[in-house]
Amino acid sequence: MRRLNNLNQVNTTKTVLLKTNYCLPAGYNGLLALLFLLLPVLPSFGQADSLSRISRHFQQYQQQHVQEKLFLHLDRPTYVCGETLWFKVYAVDGAANKPLNLSKVAYVEVIGPNKQAVLQTKIALQEGTGHGSLVVPVTLNAGNYMVRAYTNWMKNQSPEFYFQQPITIVNTSRPLDTKPVKDSAVYAIQFFPEGGHLVQGLTSKVAFKITNNTGKGVNLAGEIKDPAGKTVAQFQSFKFGMGNFSFTPAAQTQYQAVLRLPNGRTLTRNLPAVQEQGYVMHLDDSSPESLKITVQASQNSANPAELIYLLAHTRGNNAVAKAEILAQNQASFTLTKSALGEGISHLTIFNSRKQPICERLYFKPTTQKLLIQAKTDKAQYSTRQKITLDIATPVTAGTTSPANLSVAVYRLDSLQTPPTVNIQDYLWLTSELTGTIENPSFYFEENNSQAREALDNLLLTQGWRRFRWPEIFAKNQAIPEFIPEVNGPLVRGKVTDRLTGAAVPNITTYLAAPSKHIRLYNATSNAKGLIQFELKDFYGPKEIVVQSNFAKDSLYHFEIFSPFSSKYAAQPISNLNITERHGPEIALRHLQMQVQEAYYDKYQRLVQLPAVDSLPFYGKPDEKYLLDDFTRFKVMEEVMREYVPGVMVRIRKDGFHFLTLDHINKVFFQTSPMVLLDGVPVFNINKLMAFDPLKIQKLEVVTSRYFQGSQIYDGVVSYTTYHGDLAGFPVDARALLQEYEGLQIPREFYAPVYDTPQQQQSRLPDFRNLLYWKPELKMGTNGQHQAQFYTSDQDGDYLVVIQGMNTNGQAGSVTIPLVVKTAL
């Protein structure tokens, strides 16, 4: 590795190559690290910015910009109300596209056409994967919806980069509009100059995209005209409504595009304004070994012999820096393709003042693909027949990188189609760009020149963006609002004054959910009154109690925020296109859903109870009393005085108080212990002493000082009722009681077995159209697995869909067809 020396005097291109090895996938880690090498010898970004300060900014930026991606494998693309949507979550490192074990919670939603969530759930992640399900309610209207997923950490970025996948929901219990959806007569065209701008006198390549009102690309043609009506360029969309043309704009000229529409009319739209001065760039990818990047400057933009810089990086890695002098207002960079990583790279041009002036994207084909081999024992089956599916992920000799897969087998029909999204296309392309990408697999077709040309148009349009370098080099990096949930769900809220509504700082608050499994969480409000609790093993719906010690803090109001994102991507959700030809299939799906619900509902409610720690948060108590083992008293005071030597009952002016024994020093603590009922703190002992002791099953005492976070308890006295539901105990009216959904308890996918003749001859109907769902298929070190399942009573064409990735980040998918025919 070498530095650029005396760059103001160079007359040849200087290059620095840096292979970054950061485990944290910050968006610009490699690039910023490269700038450390350049800064000692290049003019600084500001005289006040020393290298040490920029170094600190870089370290802060690196820590704050870990990039996460989520991918969801959905069991199928179309659902009938009443059916279950099954899914598998893959969490990956956004820089390396490898499994990322950072967040422990994924938020999954179904978004309606009005950009409002109709279904929401929280999924536990372990080692970068998780799985769950959502039952599609019968109250939903038929339409196209969007499934989206993100983590708490991902909420710091634009919702455009959440995982999003369209699905179709059909409500067979309501009348459907079967009128064909006509092609929209509303069209839009957008223009994207290569590098960012049109500059007078400089030839520019201009990409464009033509869409209808649903955002779908439309292939049309047109002309570019000057104010006099003279045609200066013609254009024709190439694929998915995208294409490009080149022309040389004149000064102070507003160009217009005249788009010829199918109905014979035209649509006129302005091109971006022509700048009087500036820079343009052009990428030449014709060489198999290298890229040529040409930069042109207008006469009044560049200083004589101005030094400009090219900085290239692949998702923050494989950073390359080059410097070149503008000779006669033009400079060319040659960049070896092998220096860039696979996938999308950012190419940014800086002027001599280190200001970004041009930028575009480049895609290097990836060889990182997980080979998944799958075959069934037969191509055609009869109903209720066993299917044997052999799956293999060949492992190279001497390596151990087992794959984690998910498998779905579903019936194809006029409503149900093959999947349009797979994990490899998503990680390497779709997740790096904004907006909807039609048929992403097309861009990965090998030896297809049309695919390469279409991909470049895609990068120029949906990948085009104005640079955000000032944010990266900001002196004061913004602190992310949302932090990763590295241990479990974070519950955020706020403490305010009941009378004024003002935020209240430095208030100790407690959160608990009444249960026989005792969990208590505490948090202290910050300067803005915000509180945050980190929960562990918090599954299913629960009622939570949030409060402070009302003996000290009696005038406070508590609020708990929703953990789901309130921001939505701009991309539209297309209209549902159901026609009369779908009528027979809709009727069949309605019958299938009703039969399955009538005969198999109890099996579809089976859950996989997660393994949770049954010990209370304070661990093993020093004293434990099962009160049914003793003579039962009807007064709580008698119970405490007669049976619990570790707790002293004292009566003061304001009523009862407890003190616990310090068993180490053999004296009683002088301050009150933490007293709990089913895990909920009780600060008014008078209420507890008035409570019926016959409702208490168990009493545990910690006779030592206990530390929990910033709080210190001089002992713990914990009561548990028979059902862990407070048994009617009156919680303080000033506390917040709120229903709160924890992590989803996973449901089991149920499928009948037809091993015996009696089972095969059962009169119980089986109208399953989803034959098999396996969200967690961990391949062994030999890369082999065999799955077995049975066909249903539904004949037709079926599709096996397998997706997954290994620990090295190789992702892949495969689909294989099979046929089911009713035996004659």
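Start counting the sequence shown at 0; every next residue gets the next number (numbering that gives the first Met the number 0).
Even glycine gets a Cβ: it sits at the ideal position worked out from N, Cα and C.
Leaving aside the five residues before and after H130 along the sequence, list all residues of the same chain whose C-beta is less than 8 Å from its C-beta, in chain order. As a first step, residue 130 is located in the sequence shown; it is residue number 131 there, counting from the start. The answer, listed in chain order, is W85, F86, K87, V88, I122, S405, P745, P774 and E775.
If I follow the unbroken beta strand (DSSP E) through Y308, where does it start and stop? If you number the sequence shown from 1, residue 308 lands on position 309. Element bounds for Y308: L306 to T313.
Where Q696 falls: helix, strand or coil (DSSP): As a working mapping, residue 696 is identified with position 697 in the sequence shown. Q696 sits in a strand when the DSSP states are folded into three classes.
Measure the beta-carbon distance from V611 to H516 and round it to whole angstroms, keeping in mind my assumption that it falls under 8 Å. Against the sequence shown, residue 611 aligns to sequence position 612. Against the sequence shown, residue 516 aligns to sequence position 517. Indeed, because the Cβ distance is near 7 Å, the residues count as touching under 8 Å.
Outcome for L590 when other beta-carbon atoms lying within 10 angstroms are tallied against a minimum of 16: The residue given as residue 590 occupies position 591 in the sequence shown. Per the 10 Å Cβ criterion, exposed.
Looking at Q255 and L270, is the spacing between their C-beta atoms short of 8 Å? What you label residue 270 is simply residue 271 of the sequence shown in a count that begins at 1. What you label residue 255 is simply residue 256 of the sequence shown in a count that begins at 1. Yes.
Pairwise C-alpha distance: F190 and G277: On the sequence shown, residue 277 is found 278 positions in, with the first residue counted as 1. On the sequence shown, residue 190 is found 191 positions in, with the first residue counted as 1. When rounded, the distance between both Cα atoms is 18 Å.
Taking only three categories from DSSP, how would you classify L458? If you number the sequence shown from 1, residue 458 lands on position 459. L458: helix per DSSP, three-state reduction.
How would you call I695, buried or exposed, if buried means at least 16 neighbouring beta carbons within 10 angstroms? For the purposes of this step, residue 695 is taken as the residue at position 696 of the sequence shown. Label assigned to I695: buried.
From R410, G582 and P248, pick the residue whose C-alpha is nearest to that of P76; which is it? Start at 1 with the first residue of the sequence shown, and residue 76 comes out as number 77. When only C-alpha atoms are compared, the closest one is R410.
Do V79 and T171 have their beta-carbon atoms positioned less than 8 Å apart in this structure? Reading the sequence shown from its first residue, position 172 is the one you call residue 171. Reading the sequence shown from its first residue, position 80 is the one you call residue 79. With respect to the 8 Å criterion, T171 and V79 are classified as neighbours on the basis of their beta carbons.
With respect to the alpha helix (DSSP H) encompassing P756, which residues constitute its N-terminal and C-terminal limits? By 1-based counting over the sequence shown, the position of residue 756 is 757. It spans P756 to Q759 - the alpha helix (DSSP H) in which P756 sits, taken as one unbroken run.
N- and C-terminal bounds of the alpha helix (DSSP H) containing N685: As a working mapping, residue 685 is identified with position 686 in the sequence shown. From DSSP, the alpha helix (DSSP H) with N685 extends over I684 to M688.
Report yes if the C-beta distance between G908 and K541 is below 8 Å; otherwise report no. The shown model of the chain, from 0 to 823, leaves out residue 908, and the question about it has no answer.
Under 8 Å by Cβ, that's how I've got P680 and V638 pegged, so tell me the actual separation to the nearest angstrom. Here residue 680 refers to the residue found at position 681 when the sequence shown is read from its first residue. Here residue 638 refers to the residue found at position 639 when the sequence shown is read from its first residue. With a Cβ gap of about 20 Å, P680 and V638 do not count as contacting.
Within 8 Å (strictly less), CB to CB, does V319 reach chain B? No chain B appears in this structure, which consists of one protein chain only.
Can you give the beta carbon distance from P401 to K820, rounded, assuming they're within the 8 Å contact cut? Translated into positions along the sequence shown, residue 401 becomes position 402. Translated into positions along the sequence shown, residue 820 becomes position 821. That belief does not hold up - the Cβ atoms of P401 and K820 are roughly 37 Å apart, past 8 Å.
Is A453 near F237, with beta carbons less than 8 Å apart? Translated into the one-based positions of the sequence shown, residue 453 becomes position 454. Translated into the one-based positions of the sequence shown, residue 237 becomes position 238. Going by beta carbons, A453 and F237 fall inside the 8 Å limit.
Could you check the C-alpha separation between S102 and N143 for me, to the nearest Å? Reading the sequence shown from its first residue, position 103 is the one you call residue 102. Reading the sequence shown from its first residue, position 144 is the one you call residue 143. Looking at the two C-alpha atoms, the distance is approximately 30 Å.
Where P583 and R767 are concerned, what is the direct C-alpha to C-alpha distance, given to the nearest angstrom? Locating residue 583 in the sequence shown gives position 584, counting from the first residue. Locating residue 767 in the sequence shown gives position 768, counting from the first residue. If you take the alpha carbons of P583 and R767, they lie about 17 Å apart.
Quick check: the Cα distance between Y380 and I801, rounded to an integer number of angstroms? Here residue 380 refers to the residue found at position 381 when the sequence shown is read from its first residue. Here residue 801 refers to the residue found at position 802 when the sequence shown is read from its first residue. When rounded, the distance between both Cα atoms is 20 Å.
Which of the three DSSP states, helix, strand or coil, is assigned to V146? The residue labelled residue 146 in the question sits at position 147 within the sequence shown. Of the three classes helix, strand and coil, the one that applies to V146 here is strand, per DSSP.
Just reading off the beta strand (DSSP E) that Q787 is part of, what are its end residues? As a first step, residue 787 is located in the sequence shown; it is residue number 788 there, counting from the start. Run containing Q787: Q783 to Y789, per the beta strand (DSSP E) assignment.
So within the region 575–629, which uninterrupted beta strand (DSSP E) runs reach at least 3 residues, ignoring any that extend past its ends? 622–625
Can you give me the C-alpha to C-alpha distance between L457 and Y538, rounded to a whole angstrom? In the sequence shown, the residue the question calls residue 457 occupies position 458. In the sequence shown, the residue the question calls residue 538 occupies position 539. Per the coordinates, the alpha-carbon of L457 lies some 43 Å from the alpha-carbon of Y538.
Inspect the beta-carbon positions of I386 and F788 and report whether they are closer than 8 Å. Locating residue 386 in the sequence shown gives position 387, where the first residue counts as 1. Locating residue 788 in the sequence shown gives position 789, where the first residue counts as 1. Contact: yes.
Rounded distance between the beta-carbons of V643 and V674, thought under 8 Å: Working through the sequence shown from its first residue, we reach residue 674 at position 675. Working through the sequence shown from its first residue, we reach residue 643 at position 644. Rounded, the Cβ-Cβ distance is 12 Å, inconsistent with contact.
By DSSP's criteria, L71 is part of a beta bridge. Which residues make up the other side? In the sequence shown, residue 71 corresponds to position 72, counting from 1. Its beta-bridge partners are V88.
Who pairs with V357 in a beta bridge, going by DSSP? By one-based count along the sequence shown, residue 357 stands at place 358. The question names Val, but residue 357 in the sequence shown is Cys. The secondary-structure analysis by DSSP pairs C357 across a beta bridge with I348.
Taking the continuous alpha helix (DSSP H) assigned at M639, which residues delimit it? Taking the first residue of the sequence shown as position 1, residue 639 is located at position 640. Taken as a continuous stretch (DSSP letters only), the alpha helix (DSSP H) holding M639 covers M635 to Y642.
Identify whether K377 lies in helix, strand or coil by the three-state DSSP scheme. The sequence position of residue 377 within the sequence shown is 378, counting from 1. Coil at K377, not helix or strand.
At which residue ranges does the region 727–766 contain complete alpha helix (DSSP H) runs of 4 or more residues, listed in the order of the chain? Those alpha helix (DSSP H) runs which fall completely within the region 727–766 and span 4+ residues are 756–759.
For Q295, report the span of its beta strand (DSSP E) as first-last. Residue mapping note: residue 295 aligns to position 296 of the sequence shown, counting from 1. DSSP places Q295 in the uninterrupted beta strand (DSSP E) bounded by S289 to A296.
So, helix, strand or coil for P158, using DSSP? By 1-based counting over the sequence shown, the position of residue 158 is 159. The answer is helix: DSSP assigns P158 an H, G or I state.
Please check the pair G214 and P439, which I expect to be a contact at CB under 8 Å, by giving their CB distance rounded to whole angstroms. As a working note, residue 214 is residue 215 in the sequence shown. As a working note, residue 439 is residue 440 in the sequence shown. The Cβ separation is near 15 Å, so there is no contact.
On the DSSP bridge list, what partners appear for R651? Counting from 1 along the sequence shown, the entry for residue 651 is found at position 652. Per DSSP, G654.
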